[in-house]
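Read the structure below first, then the notes.
Written out as structure tokens, the structure is:
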């Protein structure tokens with residue numbers, strides 16, 4: 003724990019001193035100034051030994067068990083710039099783990115290593131506008147083998163960080179006739195520069211199209227060709243790989259949300275204590291404000307214990323895959339539980355700030371609008387609740403069909 | 003009622019056919035295209051006899067009682083462009099009413115008439131960054147009489163629609179030594195071009211600084227001089243005028259929110275019925291979605307009855323001032339009640355849209371972020387709840403101090 | 003309206019002076035003292051011209067349109083003794099309306115007239131323990147014609163007021179083979195003294211088995227025989243009659259709940275204003291208590307307007323049956339909306355009372371436990387929400403199956 | 003942990019096999035049958051080595067650290083009979099801990115030892131009807147030294163388990179003139195048989211006066227005399243002792259509530275899975291029911307982790323007193339957090355049961371009504387929220403007065 007505490011101290015100091023001052027650029031959408039500034043901070047983070055904190059030591063990471071990494075991720079989550087600064091931002095962090103587990107030598111060289119070094123970024127193409135994301139077996143994008151190449155046709159959106167990415171991990175149907183609906187899709191590594199990859203638009207999310215790693219794109223694949231050896235993992239294994247990738251992704255989101263909650267909580271307390279209703283009578287004297295502070299404290303602390311307990315179960319399993327599998331249902335539970343806490347805490351903190359809360363003078367309004375998606379991405383609340391309920395019923399001997 | 007129904011039909015058709023198609027420009031922040039397009043629509047609205055619907059017939063308005071106007075305002079509220087298209091947008095609508103009641107001949111000529119014709123816009127400068135808006139007697143902006151001019155010094159923000167406005171109705175302390183704390187401030191008509199009026203910035207609201215009538219500014223008054231005759235109403239009467247102005251403003255917001263709610267409700271139902279989870283099985287088959295639809299229907303209908311009942315009480319009073327006074331507490335009640343309904347309905351409609359709900363492809367995300375302020379502007383929920391509680395206790399013979 | 007106001011004054015005075023003082027007997031379960039006392043009050047109510055307020059004047063009632071009766075019912079609802087005191091308690095009020103519409107001459111003489119005079123009470127046997135009440139077409143109780151008698155076999159529960167009732171309106175399957183599932187059941191008038199009618203038990207509801215009109219029974223029909231002419235309405239018409247009976251029943255509950263809400267609200271305000279935290283500092287100075295008062299005020303007022311608007315629609319229809327049909331969906335909406343308001347208001351009022359709120363020294367604890375059923379009886383919230391959602395979708399051209 | 007698991011297995015088996023079958027007697031208020039049956043079970047519990055599980059081994063208890071005891075308490079809490087069966091029911095458990103820490107030799111002999119053996123019961127007299135329980139320094143009961151006796155005058159209520167208790171630990175003002183308001187009261191051991199101790203009534207709680215250990219009384223002290231040596235702890239130390247006693251009491255309630263939650267959760271799942279809406283279609287197929295199951299699972303698990311984390315902090319402190327002090331604020335947080343979870347879980351479980359949920363055929367209705375007090379006793383939610391908020395503000399350097 004001593005080691006962890008030291009890492010946390012460094013992360014917190016770095017976040018506070020180096021990243022928080024840059025937030026205004028993100029909030030103002032000034033990416034021309036932000037992107038070079040972040041490049042510099044990424045260099046500093048590497049020098050500080052904070053690079054790739056999510057990875058094992060033998061891949062240059064901090065080698066922390068998942069529950070300890072959770073504390074680091076929370077500390078990074080206090081600013082929207084935290085994870086990118088140390089190279090563990092979504093979707094690259096998930097892609098790195100996927101490639102570490104499934105890439106062959108050539109794929110490591112071409113795709114994984116630049117990510118590990120931070121020389122390139124990547125994206126992940128799964129969701130399609132035509133289909134509800136909650137049912138992953140319904141997918142229209144196809145890839146067919148034509149000689150020594152895969153030819154892809156399809157339509158994706160919410161492809162996070164496509165803008166400026168070197169490649170996209172694309173989920174496509176390769177075996178439409180497989181009996182098992184879960185064995186029809188595969189994952190393919192598609193360079194964004196490949197012919198036939200069309201960038202339709204950066205999606206206007208809450209009034210903000212963003213740029214670079216902070217953006218979400220709509221893309222079309224129109225006969226895009228990639229070498230046959232760009233298949234990642236086994237043919238027909240796309241669904242299993244996606245599962246393997248999304249479980250950890252969800253717990254990573256929960257950890258990050260705790261950081262947002264704590265930052266919002268601090269802002270709420272500080273504003274309450276310093277904004278005066280009348281001389282000598284700050285907002286914090288109002289019982290309603292006190293109620294919001296207390297409820298937020300309790301909800302955040304309960305949420306953290308719940309997330310770390312889940313992480314510990316995964317960390318203590320015989321393997322990560324086993325751990326993820328064993329904790330699958332609890333991961334669904336924390337996903338909707340923590341997303342709910344996040345939304346309530348942000349709402350209260352914003353209300354305490356009054357008009358100021360609506361402005362981009364604090365990150366509250368940014369999180370209020372962008373993290374509304376926390377209840378949607380990686381499976382909406384409703385899907386995760388169904389997962390938990392069915393498991394509880396199943397454990398009591400009751401098998402409930404949809 | 004026949005007359006009202008005919009007006010409503012015209013308003014609805016105009017909104018649907020002419021304004022909804024322009025929404026994308028607002029959502030994309032493309033004001034260069036939007037502003038001239040809106041000028042054209044304003045001309046059409048005038049030709050259709052929909053101009054100044056909030057005003058008495060002898061001032062060129064529709065001459066509707068307040069509860070009937072409420073229906074019109076709801077119909078306009080279905081798009082963020084509705085009220086501006088017919089010249090009853092905030093803050094101009096409130097300023098027109100204020101000037102109609104209190105402007106002298108010269109002030110009518112110079113300030114009111116251009117507003118009535120739609121040749122100019124105005125703004126209202128009350129809130130100051132240094133003081134909580136919930137306590138209107140604490141204010142730092144001053145105006146002192148220097149010869150035949152008022153000289154203003156101060157700092158205002160959330161001055162809606164300053165950008166491009168011809169003048170600002172500024173609330174300033176003119177009589178700091180008056181015994182009655184409510185008799186220290188006055189209202190002054192300040193041309194935005196006057197020397198000493200500094201536009202600090204358009205406030206970045208939820209990532210969006212806006213433009214023209216859709217913007218909020220921070221301004222400084224640094225020895226700004228205006229003619230002595232620009233005093234609006236009696237000296238020391240600022241607080242009374244503000245009260246007179248804000249009551250109707252609140253009910254106008256409630257009416258508009260009902261329109262937002264109904265539009266969001268329609269979008270929710272349509273998306274639920276057409277978005278398929280699997281072939282032939284739309285989202286609307288999910289019980290959770292049905293629950294959201296039902297709860298929204300009930301809450302919106304109850305809210306509308308509550309708002310219209312309040313409007314009817316005002317309309318049936320012997321005078322508007324009497325009506326507003328008699329309904330003051332109920333106006334506070336609908337302010338927080340309807341704002342709550344608005345937020346819940348928008349949240350549900352957005353969730354039903356999934357990822358699409360986060361995009362500016364519908365107006366839901368726009369309203370979700372910008373109307374978060376509904377629980378803050380014109381008095382936060384907490385202040386209005388206090389007003390209602392104290393009145394209920396007072397009516398039972400219990401006088402509760404703060 | 004003058005007439006209504008006079009009636010309301012009389013009802014309020016009667017409730018306050020004559021019924022509230024008897025509440026303690028009900029709360030203590032002292033039915034030996036309560037029942038004779040209530041008989042006396044029922045006599046007084048008749049003398050005051052308050053008898054059968056729900057009925058048309060030509061049947062000895064007050065002849066009020068439904069929305070005006072709503073105000074009377076609210077006034078009666080301020081005490082759990084109100085409706086019984088004037089003979090419009092459930093289930094008798096509904097049974098009277100059913101018999102007025104469908105009883106033949108003999109049935110009127112034998113069954114209806116004693117109810118109208120208050121000489122007898124009745125009950126209604128529909129719900130069965132083996133089947134979810136939310137699906138009325140699934141029912142096991144049968145009645146077969148054997149010569150000139152119906153022979154009934156079955157099992158019912160939540161048969162309100164069976165204890166001491168003269169007869170029960172029993173819903174039973176008479177035509178199990180009818181193609182239309184809604185045409186299989188009929189209604190039968192079954193004297194409680196008939197052989198084969200077995201009273202299993204008074205149900206222990208929230209620790210309280212009650213007595214007389216305030217009780218709910220489980221009964222068995224074991225070859226119970228009643229004359230063939232005890233069929234009420236057409237054979238196979240049971241479902242239609244039940245629908246006709248339950249719609250008004252639901253709006254009657256809503257009206258009564260408003261009375262409970264207002265009483266609880268008064269108790270909450272009075273306790274808040276008089277219970278001191280310290281000398282001179284009553285509970286009502288706490289902002290949280292003020293918030294509860296304000297939210298309750300708004301919710302109750304919105305609920306009342308919603309209920310009365312529904313009643314007005316029914317009253318203004320060409321016939322009651324038409325009115326009920328036209329308002330069916332809105333009745334579902336107010337059922338769950340007002341039940342929700344009721345539960346929240348009672349919860350807040352109880353919390354303001356602290357320990358005292360848990361005691362039977364006020365009626366709050368009684369209502370808290372017994373009116374928890376408001377979200378269950380006459381269709382649980384979940385069923386009514388489904389009704390509303392499907393209608394909204396249908397009105398937009400989307401037909402959603404279960 | 004092996005030891006703990008074995009204890010838990012025994013406790014669970016004992017609860018399920020021996021206590022659950024007796025619940026019906028409690029729910030029916032049949033104390034004549036229940037009390038002797040419970041005496042028998044208490045003997046069995048002792049034989050099974052489950053007696054006094056909250057106490058250190060050297061006092062005949064299980065000697066478990068507080069977090070491990072938490073698991074035992076949860077297992078006992080699955081039935082309202084659990085804690086009494088093993089002699090760790092409130093208020094005796096708290097009184098034992100108080101006497102263990104502060105009783106002298108004579109007091110141990112006369113008062114503590116019979117409690118440890120289970121030969122006598124006790125009660126705790128603090129709350130007074132005239133004063134809000136949330137302000138413990140305002141108290142009217144007095145004790146004055148008259149020769150070798152204390153003479154007590156006062157009025158107490160919510161004196162749990164007075165009925166049949168051997169003695170009451172009474173909080174009374176002994177030093178009204180002490181400068182420090184927290185040093186005016188003392189604790190006195192008052193035999194219930196002492197002259198001047200008047201039992202006014204068993205309080206009618208939610209329709210139920212109860213009996214024996216399951217009852218709450220109102221009492222008057224009218225010149226009651228007890229020997230001078232019946233002073234417990236130092237004179238003027240009443241407030242400190244009360245603090246010392248109430249902190250652990252609160253966490254004990256939280257642990258017990260988790261047991262209620264899990265039992266309610268099991269009942270909800272089982273009912274959902276077996277109650278059919280139509281043949282082959284159980285309630286559990288409804289998405290709303292699944293949502294309730296999932297939300298309950300998440301809330302209960304988060305609550306448990308929060309409670310056990312608090313218990314662990316106390317257990318790991320250098321002393322219990324230190325531990326309690328260090329965890330005081332977190333104890334306040336879990337008190338309102340878990341009480342909220344409890345109320346929501348019970349409400350959902352009851353709703354899933356429909357009409358059956360209102361009956362005493364399951365313990366749900368019992369808990370629904372009696373555990374409504376969870377948000378009131380040992381400090382209402384509002385007080386605990388204030389404690390948490392002020393500490394959070396204080397930790398950031400902001401001292402907020404009331």
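Residue numbers (our numbering), protein chains in the order written: chain A, 3 to 404; chain B, 3 to 404; chain C, 3 to 404; chain D, 3 to 404. A virtual CB, placed ideally from N, CA and C, is assigned to each residue, including glycine.
Boundaries (first-last residue) of the beta strand (DSSP E) holding residue i
i: residue 173(A); result: 169 to 175
i: residue 409(B); result: Since the first and last residues shown for chain B are 3 and 404, residue 409(B) lies out of range.
i: residue 161(A); result: 151 to 162
i: residue 211(C); result: Note, residue 211(C): premise wrong, no beta strand (DSSP E); not H, not E.
i: residue 146(D); result: 144 to 148
i: residue 126(C); result: 124 to 127
Contacts of residue i in chain A (Cβ-Cβ under 8 Å)
i: residue 38(B); result: Chain A residues near residue 38(B): none, gap ~22 Å exceeds 8 Å.
i: residue 265(D); result: In chain order: nothing, as chain A lies at least about 13 Å away.
Under 9 Å by beta carbon: chain A residues contacting residue i
i: residue 187(B); result: Those within 9 Å of residue 187(B) in chain A number zero; the least Cβ separation is about 16 Å.
Given residue i as reference, the closest of the options once Cα atoms are compared
i: residue 215(A); options: 196(A), 355(A), 117(A) and 343(A); result: 117(A)
i: residue 1(A); options: 316(A), 219(A), 351(A) and 326(A); result: Only positions 3 to 404 of chain A appear in this structure, which leaves residue 1(A) out of reach.
i: residue 384(B); options: 246(C), 288(C) and 311(C); result: 288(C)
i: residue 301(B); options: 279(C), 343(C) and 271(C); result: 343(C)
i: residue 208(C); options: 253(D), 28(D) and 346(D); result: 28(D)
i: residue 360(B); options: 186(A), 282(A), 211(A) and 20(A); result: 211(A)
Enclosing alpha helix (DSSP H) for residue i [first to last residue]
i: residue 203(A); result: Taken as a continuous stretch (DSSP letters only), residue 203(A) belongs to no alpha helix (DSSP H), being part of the beta strand (DSSP E) at 199 to 204.
i: residue 188(D); result: Here residue 188(D) belongs to no alpha helix (DSSP H); instead the beta strand (DSSP E) covers 187 to 193.
i: residue 280(C); result: Where residue 280(C) is concerned, there is no enclosing alpha helix (DSSP H), although the beta strand (DSSP E) it sits in stretches over 278 to 280.
i: residue 290(B); result: 289 to 317
i: residue 97(C); result: 94 to 104
Contact list for residue i against chain D, beta-carbon separation under 8 Å
i: residue 30(C); result: 206
CB-CB length for residue i against residue j, believed under 8 Å
i: residue 260(B); j: residue 306(B); result: 5 Å
i: residue 177(B); j: residue 238(B); result: 5 Å
i: residue 368(A); j: residue 93(A); result: Residue 368(A) to residue 93(A), Cβ: 20 Å. No contact.
i: residue 257(C); j: residue 142(C); result: Residue 257(C) to residue 142(C), Cβ: 33 Å. No contact.
i: residue 25(A); j: residue 365(A); result: 6 Å
i: residue 221(C); j: residue 197(C); result: Not really, about 13 Å apart at Cβ, beyond 8 Å.
Proximal chain C residues relative to residue i, where beta-carbon distance stays under 7 Å
i: residue 137(D); result: 279 and 280
Residues, ordered as in the chain, of the region 272 to 306 of chain B that lie near chain D by beta-carbon distance below 8 Å = Those residues of the region 272 to 306 of chain B that come within reach of chain D (Cβ to Cβ, closer than 8 Å) are 288, 289, 290 and 293.
Pull out every residue of the region 363 to 384 of chain A whose Cβ sits closer than 9 Å to any Cβ of chain B, in chain order.
-> 363, 367, 368, 370, 371, 372, 374, 375, 377, 378, 379, 382, 383 and 384
Looking at chain D, which residues of the region 74 to 96 of chain A have a Cβ within less than 7 Å of any of its Cβ atoms?
-> none
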